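Report on one structure; see the data block that follows.
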Ligand SMILES: C[S@@+](CC[C@H](N)C(=O)[O-])C[C@H]1O[C@@H](n2cnc3c(N)ncnc32)[C@H](O)[C@@H]1O
């Protein structure tokens, strides 16, 4: 992975850890309990993989079985985990989407005129990139190879799926430098934003497909939605679409879908040979004016 990608991932993780965590008690308790259950239910004789292990803020490593390994592209994640939990687990520092290197190369290609190697005008580069992105099909080859080689009994995905799109956006913005790649007028279509959203959807779906075929017990936790509404917000009964999961009377939602339209529960439920054992969700007050709808799913082969 390039230095730019390492830098961006470190920046995202630092921003995450630097937030005021005063109101996170409930969320942290729930996420640690969920992942801890995954650790305790795992076969101690088989490898276990923690994807998006980060610094271990959400991961109760003291409960982890002996063959547990971490996976996180942030180069500081393993050291931070050791500092927090005194656990020096084997670690993989790879991109879990398998698509970020190609994305980065494509952004550079779009920014550069082929003959002169000069920077294109940012508007023209954004249009060119929007045209190139549909040909990219991220595939988590390194993850698939790890699974093939280690045959893990359990995989935990600790809040990383919602980061795929965030990191991809940060990558595009960093490459464009001071010129914004996005359409400034919210009333007008933004072909680049749409193409990147579609890339994110493909990355999430490909990642899920590899997990679903792994033969492992899956414990997945992820942001289902990021809601910016102020005031009271309560969850109603489960509904197929996450937008329908809030209590009746909720004002129109100002929200973003970090999974770019991929419904993890539906994706797993439609897989033959995989059954949903448990599903739960809650609201996490991450910061003023920013609440996340968090979904935690346990699926078994
Ligand atoms: C919201 S944080 C989760 C925090 C973590 N579970 C913890 O307990 O500290 C998301 C993590 O996913 C990692 N991540 C994001 N995109 C990734 C990718 N494409 N490949 C590997 N790791 C990624 C980030 O580096 C970060 O540590």
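Residue numbers (the numbering used here): -9 to 291. Cβ atoms here follow ideal geometry from the backbone N, Cα and C, with glycine treated the same way. No experiment lies behind these values; they were computed from the predicted model shown.
Residue 75 carries a helical assignment under DSSP once its states are collapsed to helix, strand and coil. Counting along the chain, no alpha helix (DSSP H) covers residue 282; the unbroken beta strand (DSSP E) around it starts and ends at 280 to 290. With a contact defined as Cβ atoms closer than 8 Å, residue 248 and residue 193 miss out at about 12 Å. Restricting attention to alpha helix (DSSP H) runs no shorter than 4 residues, the stretch 10 to 92 encloses them at 15 to 31, 67 to 75, ordered along the chain.
When secondary structure is reduced to three states using DSSP, residue 99 falls in the helix class.
The C-alpha of residue 140 lies about 49 Å from the C-alpha of residue 175. DSSP places residue 277 within a strand segment (E or B) once states are collapsed to three. Residue burial annotation: residue 48 is buried, with at least 16 other C-beta atoms found within 10 angstroms of its C-beta. For residue 151, the closest alpha carbon among the candidates 23, 251, 34 is that of 251. A contact between stretches requires three or more CB pairs, one per stretch, nearer than 8 Å, and the stretch 64 to 76 meets this requirement with the stretch 38 to 45. Under the three-state reduction of DSSP, residue 267 is assigned to strand. The DSSP assignment places 153 to 166 as complete runs of the alpha helix (DSSP H) inside the stretch 150 to 193, in order along the chain (cut-off: 4 residues). Here residue 216 has 245, 246, 248, 280, 282 as same chain residues with Cβ atoms under 7 Å from its own Cβ, once five neighbours each way along the sequence are excluded. Take the alpha-carbon of residue 231 and the one of residue 134: they are about 29 Å apart. Its chain contains 235, 236, 237, 271, 272, 273, 283 as the residues whose beta carbon lies nearer than 8 Å to that of residue 225, once the 5 sequence neighbours on both sides are disregarded; these appear in chain order.
The bridge partners DSSP lists for residue 272 are 284.
Under the DSSP assignment, residue 146 falls outside any alpha helix (DSSP H), being part of the beta strand (DSSP E) whose first and last residues are 144 to 148.
Pairing residue 15 with residue 53, the inter-Cα distance amounts to about 19 Å. Placement of the Cβ of residue 86 at a distance of less than 7 Å from at least one heavy atom of ligand 1 is found.
Taking a C-beta distance under 8 Å as the contact criterion, residue 113 and residue 100 do not qualify as a contact pair.
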